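Each residue of the sequence shown is one higher than the one before, starting from 25 at the first, in my numbering.
Built from N, CA and C at the ideal position, the CB exists for glycine as well.
Just so you know, these numbers come straight off a predicted model, no measurement behind them.
Please read the structure below before turning to the comments.
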Amino acid sequence: MSISKPVNKKSVKMLCLGNSCLKWPILLVLVWTIDNVSQAQAVFLSQDLPRRKVVVLDPGHGGHDLGAVGPSGLAEKVVALLVAHKIKEVLSEICEVHLTRNDDYRVDIIDRTAVANHYRADIFLSIHAGGGFRRQGLGVVVFYHSSDTGRIASMPAGQQKGPWGIRAKPLPWNYIQGMHTAKTQVLAKFVHRHLTAKLGSEDTVDGGIREAPCLVLRGADMPAVLVEIGHLSHPADEKELRKSKVISDVAQAISEAIKEYFSRYP
Ligand SMILES: [Zn+2]
Numbered sequence: 025m026s027i028s029k030p031v032n033k034k035s036v037k038m039l040c041l042g043n044s045c046l047k048w049p050i051l052l053v054l055v056w057t058i059d060n061v062s063q064a065q066a067v068f069l070s071q072d073l074p075r076r077k078v079v080v081l082d083p084g085h086g087g088h089d090l091g092a093v094g095p096s097g098l099a100e101k102v103v104a105l106l107v108a109h110k111i112k113e114v115l116s117e118i119c120e121v122h123l124t125r126n127d128d129y130r131v132d133i134i135d136r137t138a139v140a141n142h143y144r145a146d147i148f149l150s151i152h153a154g155g156g157f158r159r160q161g162l163g164v165v166v167f168y169h170s171s172d173t174g175r176i177a178s179m180p181a182g183q184q185k186g187p188w189g190i191r192a193k194p195l196p197w198n199y200i201q202g203m204h205t206a207k208t209q210v211l212a213k214f215v216h217r218h219l220t221a222k223l224g225s226e227d228t229v230d231g232g233i234r235e236a237p238c239l240v241l242r243g244a245d246m247p248a249v250l251v252e253i254g255h256l257s258h259p260a261d262e263k264e265l266r267k268s269k270v271i272s273d274v275a276q277a278i279s280e281a282i283k284e285y286f287s288r289y290p
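Take a look at the structure:
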């Protein structure tokens, strides 16, 4: 009997072997109640189906906020959304993926972080292709958030002292990212390595991994990075980012990094 089918309360079924049904006292009787079925299903779900990993992707900008715009008019908001959709396509088989925006509209920075916290994401990744004035093309930079308060937050409770040795005040929610710095750095390393391996060429500038105050990351209660996949203000980067193959490669590289992170922290 399948436990997934509704069963009438106190329903009785006889097991038959071939044409002859077994009679009492050797008659086997199975009695199922709806309560039993619900309980069995709950146990089954909680024991055999672990929570799927959750990734929240944040395509930067949107709506009136174009982000950087390339010399021939390609907007950062468009590139970021294309990459996010592509990553979702690649990762949906293995984890739950949500976007902070699914189309071309504006979302406040604080609301982007709130989406990641709402879904209790395992990873929050903000996607950008911002402006810059590099002579060479396609520089990849991976940022993670840092602030003094963030560093204090990552210390053991007894050692939480400010820069002058004064015990730190209770942490505001805005600095929660500091609790995740160690795993965030691992995530940043994987994303940077996969992206540079996929996109690297002699002309490529490696912007490296950088620590900076990032408004969109600082309230994220999970490992979180911001990725600049290129610099649209440079004609060479804009030309590359117009190619669907490059968008696909970027998405593939970030997806591989996320998979590697999940195998490190299952
Ligand atoms: Zn941007």
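* To do: Please classify K112: is it buried, with 16 or more other beta-carbons within 10 angstroms of its beta-carbon, or exposed?
  => Burial check for K112: the Cβ neighbour count within 10 Å reaches 16 or more, so the residue is buried.
* So, do the segment 269 to 281 and the segment 232 to 245 have three or more beta carbon pairs nearer to each other than 8 angstroms? -> The segment 269 to 281 is not in contact with the segment 232 to 245.
* Let me know the alpha helix (DSSP H) ranges lying completely inside the segment 78 to 155, each 4 residues or longer, listed in chain order. => If we require 4 residues or more, the alpha helix (DSSP H) runs fully inside the segment 78 to 155 come out as 100 to 115, 133 to 142.
* To do: Determine whether the Cβ of I271 lies closer than 8 angstroms to any Cβ atom of chain D.
  => Reference to chain D is not applicable here, since this structure consists of a single protein chain.
* **Nearest-angstrom Cα separation, counted from K263 out to N141** => Whole-angstrom Cα-Cα distance: 35 angstroms.
* To do: Using the Cα positions of W188 and Q201, report the straight-line distance between them to the nearest angstrom.
  => The predicted position of W188 is uncertain, since its pLDDT is 40 and thus under 50; a value taken from the coordinates is nonetheless stated next. When rounded, the distance between both Cα atoms is 22 angstroms.
* Residues near ligand 1, criterion Cβ-heavy atom distance below 6 angstroms -> Selection output, chain order preserved: G84, H85, G91, E100, H152, G154.
* **Residues bridged to R234 (per DSSP)** => Answer by DSSP bridge pairing, in chain order: F167.
* Asked: For V107 versus A275, is the C-beta spacing smaller than 8 angstroms?
  -> In contact: V107 and A275 (Cβ atoms closer than 8 angstroms).
* Separation of Y129 from D146, as counted between CA atoms -> Inter-residue distance for D146 and Y129 is about 25 angstroms (C-alpha atoms, whole angstroms).
* **Nonlocal neighbours in the same chain, by C-beta distance under 6 angstroms from K101, ignoring five residues either side** => Excluding residues up to 5 positions away in sequence, H85, G86, L90, G91 lie with their Cβ nearer than 6 angstroms to the Cβ of K101 in the same chain.
* Option nearest D132 by Cα separation, candidates P95, D82, K267, A104 -> Cα-wise, what sits closest to D132 is D82.
* Three-way DSSP call (helix, strand, coil) for P180 in this model -> With a pLDDT of only 48 at P180, under 50, the local geometry of the prediction cannot be trusted, and no value is derived from it.
* Among residues of its own chain, excluding the 5 on either side of S170, which ones have a beta-carbon nearer than 6 angstroms to its beta-carbon? -> Same-chain partners within the cutoff: E235.
* To do: Closer than 7 angstroms by C-beta to G224: which residues in its own chain qualify, once you throw out the five before and the five after it? Chain order, please.
  => Non-local C-beta neighbours of G224 in its own chain, meaning closer than 7 angstroms and more than five positions away in sequence, are absent.
* Asked: Could you give the residue range of the beta strand (DSSP E) that holds L250?
  -> Per DSSP, L250 belongs to the beta strand (DSSP E) from 248 to 252.
* Please state whether DSSP places L223 in a helix, a strand or coil. => Assignment of L223 by DSSP, reduced to helix, strand and coil, places it in the helix class.
* Helix, strand or coil for S28 per DSSP? -> Low confidence applies to S28: its pLDDT is 44, below 50, so where it sits in the model is not reliable, and the reading given next is rough at best. Here S28 sits in coil by DSSP.
* **Where H216 sits in the DSSP three-state scheme** => The answer is helix: DSSP assigns H216 an H, G or I state.
* Do L211 and V251 come within 8 angstroms of each other at the CB atom, strictly closer than that value? -> No, Cβ-Cβ distance for V251 and L211 is not below 8 angstroms.
* Report the residue from L105, D127, S287 whose alpha carbon sits nearest the alpha carbon of S150. => The shortest C-alpha separation from S150 is found at L105.
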